[in-house]
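Residue numbers (the working numbering): -16 to 374. Single-structure report; data block below.
As structure tokens, then:
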């Protein structure tokens, strides 16, 4: 069992460790500055759960990383999904994949033909656009509406767009980057519309464990079990336990025909170290996760309070989960390019540009708050000074 209280304030020094976030930002943000605070790519700056580290060390000490039976892998996924999300699945429904975006790529090859319409709810995770373009899909963007600082679905517009011949809808639940944790009634209505037009749903639920107090993740197939054979659910421990570098994710496919087609395209055993990490995370990491959730929500509350009191030109949108905070910077009056350069050159912060998230992203920036509070304090102080210099 996990017995140690985690000190998330300590963080981890990731500089010169081949970290994409810390060691690649100069290339990605076209800067030569060494004093940038990276708050962009979606991984966290915390020490890995001790139980996971110990399990990996134990495996490595054997001195052999040959083919492995990965006993307990599928049972761990099945038990976690049932315990945390009420998802009743069997081991046979679970298909290992190296990543959620990889899974979407394979699913599109099964579900659509060239130039078929696929709908996403923008602003949305930018890699959706990349994989859709790679598969020559006709991308339909159903833009979310920002009302009273909280994003909502325009169901009439969603249905109008679905009715134009959309074949697949990719749902982001919880939603990256706007931080919504979709309510049961919202999801029921989405499924009802998709069922009416025979639209298949890919539900990306990679952030499903990162939910703030007072909210509940509703896995799509638990909301509409009668439509489950037309829904594929994507999950992973990578965001939850900061294990993205192990490339260990799962596709939950209850439709036997689609599952067979998927396995015909890609079928392999889980990465041996990824399997150790997942099994340990799902069987011994829950206490660590509960502590993390408190810390992340406190980080969000600090960001929201600080900006509302000190930076009137920027608004923090309502966040219900994830460690990604969506900043409304439109009142600064800058173009997308100028806004990006403002954050890098003036504030010395590397955030994700809202423009890459599709329609509705212009004028916004995504801030990764999965880091020690002191990092956030320094970042916000820099941002305050930078905004005062131009306003």
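Virtual Cβ for every residue (Gly too), placed ideally from N, Cα, C.
Checklist entry - Taking the alpha-carbon positions, what's the residue 352 to residue 23 distance? => result 9 Å
Item to check | Whole-angstrom C-beta distance between residue 78 and residue 242, which should lie under 8 Å | outcome: 6 Å
Checklist entry - Can you tell me whether DSSP reads residue 111 as helix, strand or coil? => result helix
Checklist entry - Start and end of the beta strand (DSSP E) containing residue 103? => result 100 to 103
Next on the checklist: Cutting at 8 Å between CB atoms, please list the residues of its own chain near residue 18, excluding the five before and the five after it.
Outcome noted: 331
Next on the checklist: Less than 6 Å between C-beta atoms, sequence neighbours within five positions excluded: which residues of the same chain meet that for residue 244?
Outcome noted: 93
Next on the checklist: Please give me, in chain order, every unbroken run of the alpha helix (DSSP H) with length at least 4 that falls completely inside the region 114 to 195.
Outcome noted: 138 to 145, 167 to 179
Checklist entry - If we count Cβ pairs, one from each stretch, closer than 8 Å, do we get three or more for the region 271 to 278 versus the region 192 to 212? => result yes
Item to check | Spatial neighbours of residue 109 in its chain, beta-carbon cut-off 7 Å, leaving aside the 5 residues before and after | outcome: 339, 340
Item to check | Buried versus exposed, by CB contacts within 10 Å (16 or more), residue 10 | outcome: exposed
Checklist entry - From residue 160 to residue 254, what distance separates their C-alpha atoms? => result 29 Å
Checklist entry - Taking residue 258 as the reference, which of 56, -2, 348, 25 has the closest Cα? => result 56
Item to check | Paired residues, beta bridge with residue 21 - DSSP | outcome: 333
Checklist entry - How do the region 171 to 182 and the region 28 to 45 stand: do at least 3 beta-carbon pairs fall below 8 Å, yes or no? => result no
Checklist entry - For the region 352 to 366 against the region 299 to 314, are there 3 or more C-beta pairs whose distance is under 8 Å? => result yes
Checklist entry - At what residues does the beta strand (DSSP E) containing residue 76 begin and finish? => result No beta strand (DSSP E) contains residue 76, which DSSP labels as neither H nor E.
Item to check | Residue range of the alpha helix (DSSP H) that includes residue 205 | outcome: 203 to 206
Next on the checklist: Considering Cα atoms alone, identify which of 320, 291, -5, 155 is closest to residue 310.
Outcome noted: 291
Next on the checklist: Quick check for students: name the residue ranges of the alpha helix (DSSP H) that lie wholly in the region 212 to 239, counting only runs of 4 or more.
Outcome noted: none
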